[in-house]
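**Q** Numbering (the working numbering), first residue to last: 121 to 251.
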Amino acid sequence: MVNCGYLASHDGLIKFTRFLFELIAWTCIVDVSGYSNFPNAQYAAAILIISWILDFVWIVLHIFDKQNSINMDLNRFNLWTAVLMSFLVFIGFITITVEATVPLWKNAAAFAFFTFCNWIYDLWVCRGKQS
Numbered sequence: 121m122v123n124c125g126y127l128a129s130h131d132g133l134i135k136f137t138r139f140l141f142e143l144i145a146w147t148c149i150v151d152v153s154g155y156s157n158f159p160n161a162q163y164a165a166a167i168l169i170i171s172w173i174l175d176f177v178w179i180v181l182h183i184f185d186k187q188n189s190i191n192m193d194l195n196r197f198n199l200w201t202a203v204l205m206s207f208l209v210f211i212g213f214i215t216i217t218v219e220a221t222v223p224l225w226k227n228a229a230a231f232a233f234f235t236f237c238n239w240i241y242d243l244w245v246c247r248g249k250q251s
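1. Residue range of the alpha helix (DSSP H) that C124 falls in?
2. Can you grab the Cα-Cα spacing for the pair N123 / A230, in whole Å?
3. State the Cα-Cα distance for the pair I216 and N160, rounded to the nearest angstrom.
4. Applying the 10 Å Cβ sphere with the 16-neighbour rule, what's the burial state of H182?
5. Considering just the uninterrupted stretch of the alpha helix (DSSP H) at G212, what are its terminal residues?
6. Is the beta carbon of I149 closer than 9 Å to that of A164?
7. Going by C-alpha to C-alpha distance, which of L133, G125, L127, D242 sits closest to F197?
8. Pick out whichever of L140, F236, G125 has its Cα sitting closest to the Cα of F176.
9. With DSSP run on the structure shown, which of helix, strand or coil describes I179?
10. Excluding the five sequence neighbours on either side, which residues of its own chain have a C-beta within less than 8 Å of the C-beta of L133, listed in chain order?
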């Protein structure tokens, strides 16, 4: 059964907007030819792709109502994932900002910052669910 209503929920909106921000950010990075010559750009792209995949898996898990078949506390998992990814995406944002000599990388830096803010917001919401 497909639960498309998840995307309209508060959690679904957070994850889906972050999914789009991450997608735009990492595609802006890898669209520049020769980005593989810049280790900072490679790191930022790798972190944003990992974050993007995590959100994709989370969204698919909830759309197909499979979150109950996982034997763990997803709120706690989401909390610790948000802590880790907030830190990593912030470092990725800083590294791509340092390398932002190309307009696409400036766009990537902006969307990486939006992604970071979204992770922090998700962390704040998760912290409220733990209380």
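A virtual CB, placed ideally from N, CA and C, is assigned to each residue, including glycine.
As the structure is a computational prediction, the values presented were derived from the model and not from experiment.
**A** In short:
1. Counting from 1 along the sequence shown, the entry for residue 124 is found at position 4. First-last for C124: undefined, no H or E at that position.
2. If you number the sequence shown from 1, residue 123 lands on position 3. If you number the sequence shown from 1, residue 230 lands on position 110. Roughly 32 Å separates the two Cα atoms.
3. Taking the first residue of the sequence shown as 1, we reach residue 216 at position 96. Taking the first residue of the sequence shown as 1, we reach residue 160 at position 40. Distance between the alpha carbons of I216 and N160: 6 Å.
4. By 1-based counting over the sequence shown, the position of residue 182 is 62. Buried.
5. In the sequence shown, residue 212 corresponds to position 92, counting from 1. It spans 194 to 218 - the alpha helix (DSSP H) in which G212 sits, taken as one unbroken run.
6. Within the sequence shown, residue 164 is the residue found at index 44, counting from 1. Within the sequence shown, residue 149 is the residue found at index 29, counting from 1. Between A164 and I149, the CB-CB gap stays under 9 Å.
7. What you label residue 197 is simply residue 77 of the sequence shown in a count that begins at 1. Nearest to F197 by C-alpha distance, out of L133, G125, L127, D242, is D242.
8. Here residue 176 corresponds to residue number 56 of the sequence shown, with the count starting at 1. Distance check between F176 and each of L140, F236, G125 places L140 closest, using alpha-carbon atoms only.
9. In the sequence shown, counting from the first residue as 1, residue 179 sits at position 59. Assigned with DSSP and collapsed to three states, I179 falls in helix.
10. What you label residue 133 is simply residue 13 of the sequence shown in a count that begins at 1. Close CB contacts of L133 within its chain, under the 8 Å cut and outside five residues either way in sequence, are with L127 (chain order).
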